[in-house]
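Asker:
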Amino acid sequence: MKFTYTAVTKDGKTVHGTLDAVDRQGVVSSLTKQGAKPVAIKAEGVHGSKKHRGKKVKSKDLVIFTRQLSTMISAGVPLTTNTSKKLLAP
1 MKFTYTAVTK DGKTVHGTLD AVDRQGVVSS LTKQGAKPVA IKAEGVHGSK KHRGKKVKSK
61 DLVIFTRQLS TMISAGVPLT TNTSKKLLAP
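The sequence shown runs 1 to 90 under the working numbering.
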């Protein structure tokens, strides 16, 4: 997972950057090893900034998807193999 951080170095300078880590504690550990004290850590990705969000899903499309998913589950279709094919279909 990618994290954005603000930290203060031993010199008292404020630094900003991004790190890849498993969790927030991994970012803290990494920054501490570098001699910096974290001030703020923010997770990016799914719950990241608005610039990474896609278009809003229309209610009609959500209803169609839900019905198709329900039909596949009722029919016993293995979702791991067919979900990606359905989602990629135009």
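Cβ atoms here follow ideal geometry from the backbone N, Cα and C, with glycine treated the same way. Predicted model only: the values in this text are computed from it and were never measured.
For V22 versus V15, is the C-beta distance shorter than 9 Å?
Answerer: By one-based count along the sequence shown, residue 22 stands at place 22. By one-based count along the sequence shown, residue 15 stands at place 15. No.
Asker: A75 by DSSP, collapsed to three states: which one?
Answerer: Stepping through the sequence shown from its first residue, residue 75 is reached at position 75. Looking at A75 - three-state DSSP - the assignment turns out to be helix.
Asker: Look at the alpha carbon of V77 and the alpha carbon of I41, and state the distance between them as a whole number of angstroms.
Answerer: Position 77 of the sequence shown, counted from the start, is the residue given in the question as residue 77. Position 41 of the sequence shown, counted from the start, is the residue given in the question as residue 41. Cα-Cα distance, rounded: 42 Å.
Asker: Can you name the start and end residues of the beta strand (DSSP E) that K13 belongs to?
Answerer: For the purposes of this step, residue 13 is identified with residue 13 of the sequence shown, where counting begins at 1. It is not in any beta strand (DSSP E) - K13 carries neither H nor E in the DSSP assignment.
Asker: Identify every residue that forms a DSSP beta bridge with Q3.
Answerer: Indexing the sequence shown from 1 puts residue 3 at position 3. Inspection of the sequence shows that residue 3 is occupied by Phe rather than by Gln. In the DSSP output, where bridge partners are listed per residue, F3 has L19 and A43.
Asker: Determine the burial state of F3: buried for a count of at least 16 other Cβ atoms within 10 Å of its Cβ, exposed for fewer.
Answerer: In the sequence shown, residue 3 corresponds to position 3, counting from 1. Flag for F3 reads buried.
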